[in-house]
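Participant:
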Amino acid sequence: LSQQVRPTAIQQPIDARHVAENQWPDEQLAPAIPWYARHLLLPHHAAESAERHAAEFAVRQLPEGVEAERIEGLDGQLNGQETAGKAQQQHHWPDLWQPSHGEAHLVDSSGKRLLEPRALLVDAFGTLVETAEEETMVYASIGSKFGVEISPEEIGRRYEAVYRKPWLQSKLRYEGDALPFWHHIISESTGCNNPSYTEELHGYYIKKHAWRFTDPNAREAFAAIRRAGIKIALVSNFDTRLRDLLRVLNCYDWFDAIAVSAEVEAEKPSREIFHAACDMLGVLPHEAVHVGDSKNKDVAGAKRAGCGAAWLWNEDVHSFTEVAQRLGISVQASPPESELLRIL
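In the numbering used here, each residue's number is its place in the sequence shown (first place is 1) plus 9.
1. So what's residue 165 in DSSP terms, helix, strand or just coil?
2. Identify the continuous beta strand (DSSP E) that holds residue 191 and give its terminal residues.
3. Quick check on residue 177: buried or exposed, where buried means 16 or more other Cβ atoms within 10 Å of its Cβ?
4. Determine whether the beta carbon atoms of residue 307 and residue 132 lie at a separation below 8 Å.
5. Pairing CB atoms from the stretch 323-331 with CB atoms from the stretch 223-239, are three or more of them under 8 Å?
6. On a Cα-Cα basis, can you pick out the residue from 126, 130, 125 that is closest to residue 241?
7. Answer with buried or exposed for residue 256, where buried requires no fewer than 16 other C-beta atoms within 10 angstroms of its C-beta.
8. Say whether the stretch 164-171 touches the stretch 198-210, bearing in mind that this needs 3 or more beta-carbon pairs closer than 8 Å, one atom from each stretch.
9. Is the stretch 146-158 close to the stretch 315-322, with three or more CB pairs under 8 Å?
10. How many Å lie between residue 284 and residue 265 at the Cα?
11. How should residue 204 be labelled, buried or exposed, when 16 other C-beta atoms within 10 angstroms of its C-beta is the threshold for buried?
12. Between 219, 175, 243, which lies nearest to residue 141 when the distance is taken from Cα to Cα?
13. Within this structure, are the beta carbons of residue 233 and residue 340 separated by less than 8 Å?
14. Report buried or exposed for residue 236, applying the criterion of at least 16 other Cβ atoms within 10 angstroms of its Cβ.
15. Along the chain, where does the alpha helix (DSSP H) that runs through residue 329 open and close?
16. With burial defined as no fewer than 16 other Cβ atoms inside 10 Å of the residue's Cβ, what is the status of residue 277: buried or exposed?
17. Starting from the Cα of residue 270, find the closest Cα among 228, 291, 184 and give me that residue.
18. Quick check: what's the CA-CA separation for residue 274 versus residue 244?
19. Report the three-state DSSP secondary structure of residue 341 (helix, strand or coil).
20. Just confirm the distance between the C-beta atoms of residue 295 and residue 310, as a whole number of angstroms; I'd bet it's less than 8 Å.
21. Looking at residue 288 and residue 248, is the spacing between their C-beta atoms short of 8 Å?
22. Which class does residue 280 belong to by DSSP, given the choice of helix, strand or coil?
23. Which class does residue 170 belong to by DSSP, given the choice of helix, strand or coil?
24. If you count every other CB in all the chains shown that lies within 10 Å of the CB of residue 12, and 16 or more means buried, which is it?
25. Mind checking whether residue 189 and residue 336 have CB atoms under 8 Å apart?
26. For residue 290, which of 144, 262, 239, 160 has the nearest alpha-carbon?
27. Helix or strand or just coil, what does DSSP make of residue 221?
28. Nearest to residue 332 by CA position, among 301, 251, 246, is which residue?
29. Output the distance between the C-alpha atoms of residue 317 and residue 293, rounded to the nearest integer angstrom.
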């Protein structure tokens, strides 16, 4: 934590109960921990109620050389931000907060790590991997053998509509291999109720050629992150095929833990699945950073679970090398295939 705002002596320990009740033991104690970091040090419920109180101290007792114009809460809506900013515009605030989502960068502009995360949580579909071919095209192509005649565009419209509707046949969408759920989605999307069609599509999506990594340097980035002492967990709303798929894609050993909703019996944005992943890694939620492609399921869900930061894929971060850099870790990119052949 930043030493700029730490008093020369602290006489009383910080008790989260005081913070939750907006009662710091001593006004001089409040700045002992930068207010922007208190969310990461306290239980989620305590951090929420302490947030505004801490911001007041940040505005009244700015550390020397800090620009209050950059002060933002988790939602970027704390009082006093504009007033303090006008008074301190000549200073520079460390690059801690992502303007779009209020998420921690964790390193300043020079690359110095400001906070110490112990874990990285990563979403699977849409973040780690994506389909190699548009799903509606695959549905139509395989479906042609079973009498499906509607266009891929119409399949897509139907798919979106049925997928948004509540699944009422069980507590979770993904239970076991989720074949009943997928049969419902496929039949409603295509008009084909043939179980053989569902089984063929179901099997197609655990084959290697059906998927590709969103980041070709993901392996190197994850390896660098783990070498730096940060554990990695995959956190996914999916069925029990996920582990087999990861093995097929040769990335199963990239992760220290895998929290799949069909196994932990909770789906994002529920905080339970994030907590389950943290438990598997032996860390507390505020010690973890989450990366995913859904504003609701990933970013909002991770915030509610008390994760230290949540970054939106393809908006806050665009590669796992960038994720590593935000964690203060450099990644050595692998040489292109032509260079590897020359070396060999």
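Here a beta-carbon is modelled for each residue, glycine too, at the ideal position from N, C-alpha and C.
Facilitator: Reading off the structure:
1. Walking along the sequence shown from the start, residue 165 turns up at place 156. Three-state DSSP puts residue 165 in a helix.
2. In the sequence shown, residue 191 corresponds to position 182, counting from 1. It is not in any beta strand (DSSP E) - residue 191 instead sits in the alpha helix (DSSP H) that spans 188-199.
3. The residue given as residue 177 occupies position 168 in the sequence shown. Answer is exposed; the Cβ neighbour count stays below 16.
4. Here residue 307 refers to the residue found at position 298 when the sequence shown is read from its first residue. Here residue 132 refers to the residue found at position 123 when the sequence shown is read from its first residue. Closer than 8 Å, so yes.
5. yes
6. Walking along the sequence shown from the start, residue 241 turns up at place 232. Among 126, 130, 125, the Cα nearest to that of residue 241 is on 130.
7. For the purposes of this step, residue 256 is identified with residue 247 of the sequence shown, where counting begins at 1. Exposed is the call here.
8. yes
9. no
10. Translated into positions along the sequence shown, residue 284 becomes position 275. Translated into positions along the sequence shown, residue 265 becomes position 256. Cα to Cα, residue 284 sits roughly 15 Å from residue 265.
11. Within the sequence shown, residue 204 is the residue found at index 195, counting from 1. The residue is exposed, with fewer than 16 neighbouring Cβ atoms inside 10 Å.
12. By 1-based counting over the sequence shown, the position of residue 141 is 132. Ranking 219, 175, 243 by Cα distance to residue 141 puts 219 first.
13. Residue numbering aside, residue 233 sits at position 224 when the sequence shown is read from its first letter. Residue numbering aside, residue 340 sits at position 331 when the sequence shown is read from its first letter. Going by C-beta atoms, residue 233 is nearer than 8 Å to residue 340.
14. Position 227 of the sequence shown, counted from the first residue, corresponds to residue 236. When all chains shown are included, residue 236 counts as exposed.
15. Start at 1 with the first residue of the sequence shown, and residue 329 comes out as number 320. Per DSSP, residue 329 belongs to the alpha helix (DSSP H) from 329-335.
16. On the sequence shown, residue 277 is found 268 positions in, with the first residue counted as 1. When all chains shown are included, residue 277 counts as buried.
17. The residue labelled residue 270 in the question sits at position 261 within the sequence shown. The shortest Cα separation from residue 270 among 228, 291, 184 belongs to 184.
18. The residue you call residue 274 lines up with position 265 of the sequence shown. The residue you call residue 244 lines up with position 235 of the sequence shown. Taking the straight line joining both Cα atoms gives about 12 Å.
19. If you number the sequence shown from 1, residue 341 lands on position 332. If DSSP states are grouped into helix, strand and coil, residue 341 belongs with coil.
20. Translated into positions along the sequence shown, residue 295 becomes position 286. Translated into positions along the sequence shown, residue 310 becomes position 301. With a Cβ gap of about 15 Å, residue 295 and residue 310 do not count as contacting.
21. Reading the sequence shown from its first residue, position 239 is the one you call residue 248. Reading the sequence shown from its first residue, position 279 is the one you call residue 288. Going by C-beta atoms, residue 248 is not nearer than 8 Å to residue 288.
22. Indexing the sequence shown from 1 puts residue 280 at position 271. Three-state result, residue 280: helix.
23. Sequence index remark: in the sequence shown, residue 170 carries index 161 (1-based). Note: residue 170 maps to helix in three-state DSSP.
24. Sequence index remark: in the sequence shown, residue 12 carries index 3 (1-based). Note that residue 12 scores a pLDDT of 39, beneath 50, so its modelled location is shaky and nothing firm can be said.
25. Counting from one through the sequence shown, the residue named residue 189 turns up at place 180. Counting from one through the sequence shown, the residue named residue 336 turns up at place 327. Cβ atoms of residue 189 and residue 336: not closer than 8 Å.
26. For this step, residue 290 is matched to residue 281 along the sequence shown. Considering only alpha carbons, the answer is 239.
27. Translated into the one-based positions of the sequence shown, residue 221 becomes position 212. Correct three-state label for residue 221: strand.
28. For the purposes of this step, residue 332 is identified with residue 323 of the sequence shown, where counting begins at 1. Looking at the Cα atoms, 301 is the closest of the given residues.
29. Locating residue 317 in the sequence shown gives position 308, where the first residue counts as 1. Locating residue 293 in the sequence shown gives position 284, where the first residue counts as 1. Roughly 9 Å separates the two Cα atoms.
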